[in-house]
Amino acid sequence: VLTANINTYLESKKDLDPPIWGSKIRFYPYSYHKRTVCMRVELYGCRWTDGIVSYSMPQGDKRGSNWEFYDFGYDGHWDGDELKHGLGQLIDGKFGHDDFKTDFYNDGQTWVGWKNDTRQNKPIDIKFEFDKVREFSAVHIFCNNQFTKDVQVFSHAKVMFSVGGKRFKGEPITYEYMEDRIFENARNISIKLHHRVGRFVKIQLHFAAKWLLVSEITFDSVVAHGNFTVESEPTTIPSVKGHSGDRHHEHKIEIPVPNKINEPAYLTIIVIGLAFIILLLGGVIYLIIHRFRNRKFFRSPNSSNMGFPGDTLPHLQPESVLGMSEKGSSIEAYGVTEIEDYRRSHGTLKSSLRSTLPLPHPGHMNENNEYQEPYQALKYAPYYSYSSVVMEMQDVMPNSIKKCPIQQIDAYDYAVPEPGTLPLLGSDNTLPMTRSRVSSISLKGQQRGSSRNSHSEGKRSPTQQEALTALKKRLEDTQLVEFPRHRLRMLSKLSEGAFGTVYIAEADGIAEYSSSMSIGTRLVAIKFLGEDATEKEKKDFYRDVRILAALEDSNIARVLGICSQEEPICVVMEYLDHGDLCQFLKTHVAAENNSNLPYGVKSLSFNCLLYMGAQIASGMRYLESLNFVHRDLATRNCLIGKGYQIKICDFGTYNEVYINDYYKVDGNTPLPIRWMAWESVYQARYTTKSDVWAFAVTLWEILSLCRRPPYDSLPDPEVMENLAHMHCDDGQYMYLPRPTASKDIYDLMLECWRRKDIERPSFREIHIFLQRKNLGYAPT
1 VLTANINTYL
11 ESKKDLDPPI
21 WGSKIRFYPY
31 SYHKRTVCMR
41 VELYGCRWTD
51 GIVSYSMPQG
61 DKRGSNWEFY
71 DFGYDGHWDG
81 DELKHGLGQL
91 IDGKFGHDDF
101 KTDFYNDGQT
111 WVGWKNDTRQ
121 NKPIDIKFEF
131 DKVREFSAVH
141 IFCNNQFTKD
151 VQVFSHAKVM
161 FSVGGKRFKG
171 EPITYEYMED
181 RIFENARNIS
191 IKLHHRVGRF
201 VKIQLHFAAK
211 WLLVSEITFD
221 SVVAHGNFTV
231 ESEPTTIPSV
241 KGHSGDRHHE
251 HKIEIPVPNK
261 INEPAYLTII
271 VIGLAFIILL
281 LGGVIYLIIH
291 RFRNRKFFRS
301 PNSSNMGFPG
311 DTLPHLQPES
321 VLGMSEKGSS
331 IEAYGVTEIE
341 DYRRSHGTLK
351 SSLRSTLPLP
361 HPGHMNENNE
371 YQEPYQALKY
381 APYYSYSSVV
391 MEMQDVMPNS
401 IKKCPIQQID
411 AYDYAVPEPG
421 TLPLLGSDNT
431 LPMTRSRVSS
441 ISLKGQQRGS
451 SRNSHSEGKR
461 SPTQQEALTA
471 LKKRLEDTQL
481 VEFPRHRLRM
491 LSKLSEGAFG
501 TVYIAEADGI
511 AEYSSSMSIG
521 TRLVAIKFLG
531 EDATEKEKKD
541 FYRDVRILAA
551 LEDSNIARVL
561 GICSQEEPIC
571 VVMEYLDHGD
581 LCQFLKTHVA
591 AENNSNLPYG
601 VKSLSFNCLL
611 YMGAQIASGM
621 RYLESLNFVH
631 RDLATRNCLI
641 GKGYQIKICD
651 FGTYNEVYIN
661 DYYKVDGNTP
671 LPIRWMAWES
681 VYQARYTTKS
691 DVWAFAVTLW
701 EILSLCRRPP
711 YDSLPDPEVM
721 ENLAHMHCDD
731 GQYMYLPRPT
741 ASKDIYDLML
751 ECWRRKDIER
761 PSFREIHIFL
771 QRKNLGYAPT
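Under the UniProt record's numbering, the first residue of the sequence shown carries the number 1, and numbering increases by one thereafter.
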């Protein structure tokens, strides 16, 4: 009740304490006597931007006979012990004193308190409703800590979010408070909410002492943009209409399970039935395993009937088998056996083993002895391609993507795989045995058993079928996360080409890969689609982004989100702190050759360089298992972060810094000929084996610290002529010189540059070899 003025010539000013929140306010004149009232009201206030519509919680408790810690300013419904759909002291902007008695005696009524004893140690639930779906960055809770009076800050808090307000799905944010029994001053407890989204927020406060007193709760939030779906209700079971004619209602009911079965016959029937079901399941599992072992899953189109030459590899010493040899004869096997195989190898190999690759399926060949299904190119990730395996996944694509036929740009067509390519999956559903896997190996007088057998007994890597099954599952489950564009701050342009523009940006609160949690601000790469893109190009863009989003290896730059609400459309991808690997290496020197370095000069050890190379091999091994071809593997397309973490990308392809790394063959699309295999240049044939060639050049760059480009003494036409020597097989091809590395590392490079792609090692073998060369190393 507001007291009016007595003198009609003077106004009566009143401060509203606590303040009133509302969109409409009615002033109703009141008088003891009937009279005509002339009233003028001027209301002064400010716009309420916090967005809180109401909060609901248990009403406070009474402490003894003197103090009532009730929410006296609450304007909603007071239903028993619950306050619902109103606002009160928790958001009135008035903060309590350190001593709660001072507020009470001064009639401040600023603390709302709850007693632990009356609530059986259950937490206090406070549910806030907001005007719109909002994006929350923090919540601040002002608490009393007068522990000598049995009052303390909560022990821990949980914060949950919901769009509909009935179901709070998702992992709650949990905050643990460190107990303070030294200072009794009241304090603000701030909890970061990591840009979680919702229209309802529930806060659970757990007791740390007998009493919990809260004076104020405020949120840092902004209105969220985008489409948000209300959480679905749990499945309900309809109750059965009774004989009394009660109305039919749907609610959750528990189906009672009898504690005791009176009839022994029922128990016998159940036991026999369970035994029969177990036997039936055992038979089904046996049949599945038997069929699994005798079938070929996802047969690669790269099978061939070409056998290896009759000669076997030279006998290697045990050090060479383990990939640790620093001297001796040329090595042809790299990482060919697992460590467990070597430890268990005590058998005798009676004869040299030879490998014959299976014949290609007749249905996969045409009149020209070429496979009918070419590799497909990702239009908006131009230096990736994928095999027909991904085309089998069209059933998990959205309808809008299914209807759009996958086409190729002439400049980026992939040639049909050459007959005779090594199959990616062998007949036993494991990675195929290369020549080095089945050659006889001497171990100081003892000979090993078949490496295939020992490999099957030991720990093995995922097969191609397993990797493809996982990719299919990822495509089914992957949802492109919409990220608000206003939380991106562009820093610099990275590259610009026919497929769009790439920027380096800061993303505020973007979630980590495959997680709903964020770590604040981080660097990202933004790929924009041109503003004049057609609907078909947009569909192609979505398709390519969806496929790239399914790649989950930690050494691949992965998709974090997409901005599709406004034009131009863009995709947000991982980027690392130190930028591309090429520029990073140029700022360092080799530690082995510089024992007395001046202050401030950064150095890298040989083991650290091998550690980087092993990570690149690991990422390419993952792409190889999926039959993905990168086509532009180089240090400029690798990112490096903290702890020398490496991620493979394609951001350097159209970077102006590396324009001289590309040469326009016949005036067409610029190609990185200094990194390309001869068959890619002269036959337009791209396979995982051509990526192996490029990896060896990349490893040469790393060991040379990118001080000079490959074949720096040759102009581009002479580089083409040099590749022509390999194409013609005239023995005049000039290899890159040996970098500062051990002989077996350079032998690995020479293996990767063999003319016949089937004789080059796989990324699996390369990765195992580099890991063994670097056993025991950990970055500091």
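Glycine included, each C-beta is placed from N, C-alpha and C at the ideal position.
Could you tell me if the beta carbon of residue i falls within a distance shorter than 8 Å of some heavy atom in the ligand ADP?
i	result
Asp757	The ligand ADP is not part of the structure shown, which contains no ligands of any sort.
Tell me, to the nearest whole angstrom, how far the beta carbon of residue i is from that of residue j; I am working on the premise that it is less than 8 Å.
i	j	result
Gly164	Val230	4 Å
Lys122	Phe168	Their Cβ separation, rounded to whole angstroms, is 17 Å, which puts Lys122 and Phe168 out of contact at 8 Å.
Ile616	Phe695	7 Å
Asp98	Gln146	7 Å
Ile504	Ser492	5 Å
Phe584	Val692	Between Val692 and Phe584 the Cβ distance is about 24 Å, and since that is not below 8 Å, they are no contact.
Ile217	Arg196	Rounded, the Cβ-Cβ distance is 16 Å, inconsistent with contact.
Gln109	Asp81	Between Asp81 and Gln109 the Cβ distance is about 19 Å, and since that is not below 8 Å, they are no contact.
Arg119	Ser221	Wrong, their Cβ atoms sit about 29 Å apart, outside the cutoff.
Can you tell which of the options has the C-alpha that lies nearest to the C-alpha of residue i?
i	options	result
Ile547	Asp632, Lys602, Gln479	Gln479
Met720	Lys664, Thr688, Leu748, Ser742	Lys664
Leu43	Leu16, Trp693, Thr218, Ile91	Leu16
Lys210	Val692, Leu475, Gln89, Asp117	Asp117
Asp92	Tyr711, Ser742, Ser65, Ile52	Ile52
Ser232	Asn188, Arg754, Ser162	Ser162
Ala511	Ser137, Lys24, Thr8, Asp131	Ser137
Asp61	Lys538, Arg35, Ile124	Ile124
His85	Phe95, Lys94, Tyr74	Tyr74
Cys752	Leu714, Leu699, Ala724, Arg707	Leu699
Taking the alpha helix (DSSP H) that residue i belongs to, which residues open and close that run?
i	result
Thr675	At residue 675 the sequence reads Trp, which differs from the Thr that was named. Note, Trp675: premise wrong, no alpha helix (DSSP H); not H, not E.
residue 820	Given a span of 1 to 780 for the chain in the structure shown, any question on residue 820 remains unanswerable.
Ile766	763-773
Ala724	716-728
Ala549	535-549
Met749	743-752
Ala694	688-703
Would you call residue i buried or exposed, if buried means 16 or more other Cβ atoms sit within 10 Å of its Cβ?
i	result
Tyr686	buried
Gly619	buried
Phe72	exposed
Ala778	exposed
Arg674	buried
Asp661	buried
Tyr177	buried
Val257	Model confidence at Val257 stands at a pLDDT of 40, short of 50, so the residue's coordinates are unreliable; what they give is reported in the following sentence. The residue in question, Val257, is exposed, as its Cβ has fewer than 16 Cβ neighbours within 10 Å.
Phe276	exposed
Ile6	exposed
Arg755	exposed
Gly613	buried
Asn637	buried
Hey, residue i and residue j: beta-carbon distance below 9 Å or not?
i	j	result
Glu184	Ala208	no
Ile526	Val559	no
Phe128	Cys143	no
Lys672	Ala634	According to the sequence shown, residue 672 is Pro rather than Lys. In contact: Pro672 and Ala634 (Cβ atoms closer than 9 Å).
Lys642	Asp577	yes
Ile556	Cys649	yes
Ala507	Val481	no
Phe651	Ala741	no
Leu703	Ile745	yes
Leu770	Leu623	no
Cys563	Phe628	no
Leu468	Leu212	no
Thr653	Gly530	no
Asp477	Phe219	no
Leu736	Tyr711	yes
Leu471	Ala550	yes
Trp111	Val214	yes
Could you give the first and the last residue of the continuous beta strand (DSSP E) run that contains residue i?
i	result
Phe130	124-143
Ser221	211-223
Val502	500-508
Cys582	Looking at the DSSP string, Cys582 is not in any beta strand (DSSP E); the run it does join, the alpha helix (DSSP H), is 581-586.
Ile191	187-205
Lys493	488-497
His85	82-86
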